[in-house]
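In my numbering, the protein residues as written are 1 to 229.
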């Protein structure tokens with residue numbers, strides 16, 4: 001069930017401005033680096049990939065929030081800012097740095113209530129939490145679940161196959177790599193709490209299994225030693 005946000009609502013135009021800011025910020029993070037950044041030659045460590053990931057998470061988290069009755073505006077704005085500092089800060093502190101950037105932007109653009117800004121920033125700061133999701137707010141859970149889901153399914157499979165190219169592995173290793181996507185996705189999906197996120201994960205994991213089966217059907221010499229559980 002969706003909820004109508006009356007206080008601190010973000011218009012479509014305001015959200016588009018936020019998206020432009022996030023995209024520009026990520027690009028600037030790469031341009032300002034002297035050494036090319038951490039593994040920037042991997043596509044998923046580029047500004048382009050990171051922004052695409054953010055948009056995927058915005059879409060997924062908004063969907064989950066609407067089904068679970070969370071504050072949709074808080075969730076989608078927090079999702080937009082959650083990885084804004086990913087390319088300039090160490091992994092351990094990128095969530096806190098993202099919350100700082102979000103606070104600065106929201107405090108200088110628009111007239112958002114302090115309560116809205118605080119909630120958004122708290123969700124951004126908490127999105128890297130690795131414990132049980134029933135320990136965090138509903139809005140934080142929506143973001144964390146969406147972040148998990150973006151690595152499961154066809155998208156995760158495509159990224160793994162890209163990685164094969166960078167590691168100079170042949171297509172005959174593809175079944176093994178796709179199964180690795182499935183296993184990681186299955187393990188990650190065990191953290192999910194909401195019915196909506198579990199449903200999405202189920203469908204995405206099925207697609208990975210299908211892709212593995214298609215590979216084995218079309219490439220008879222593909223490794224058959226491992227099977228999905």
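Each residue gets a CB set at the ideal place from its N, CA and C atoms; glycine is no exception.
| Item | Value |
| --- | --- |
| Cβ contact check for the segment 60-74 and the segment 145-157: 3 or more pairs under 8 Å | yes |
| DSSP three-state assignment for residue 199, whether helix, strand or coil | helix |
| Coil, strand or helix - residue 170 by DSSP | coil |
| Neighbourhood of residue 88 by C-beta, 6 Å cutoff - its chain only, sequence neighbours within 5 removed | 29 |
| DSSP state of residue 130 mapped onto helix, strand, coil | coil |
| First and last residue of the uninterrupted alpha helix (DSSP H) at residue 17 | 12-31 |
| Buried versus exposed call for residue 69 [16 or more other C-beta atoms within 10 Å across all chains shown] | exposed |
| At least 3 beta-carbon pairs within less than 8 Å: the segment 70-89 vs the segment 132-143 | yes |
| Residue 179 burial status per 10 Å Cβ neighbour count (16 or more: buried) | buried |
| Other residues of its chain near residue 17: CB distance less than 8 Å, five sequence neighbours each side excluded | 109 |
| Residue 11 burial status per 10 Å Cβ neighbour count (16 or more: buried) | exposed |
| Sub-7 Å separation of residue 53 and residue 134 beta-carbons | no |
| Close beta carbons around residue 106, own chain, < 7 Å, minus the five adjacent residues each side | 112, 117, 120 |
| Distance between residue 71 and residue 84 (C-alpha atoms, nearest Å) | 21 Å |
| Rounded C-alpha distance that separates residue 104 from residue 176 | 45 Å |
| Proximity of residue 152 and residue 204 at Cβ, strictly below 7 Å | yes |
| Alpha-carbon spacing of residue 99 relative to residue 127, whole angstroms | 10 Å |
| Residue 66 versus 202, 96, 194, residue with shortest Cα-Cα distance | 194 |
| Bounding residues of the alpha helix (DSSP H) (the contiguous stretch that carries residue 63) | 47-68 |
| Residue 25 versus residue 164: straight-line alpha-carbon distance, rounded | 29 Å |
| For residue 79, the three-state DSSP class (helix, strand or coil) | helix |
| DSSP-derived helix/strand/coil call for residue 186 | helix |
| Separation of residue 181 from residue 159, as counted between CA atoms | 9 Å |
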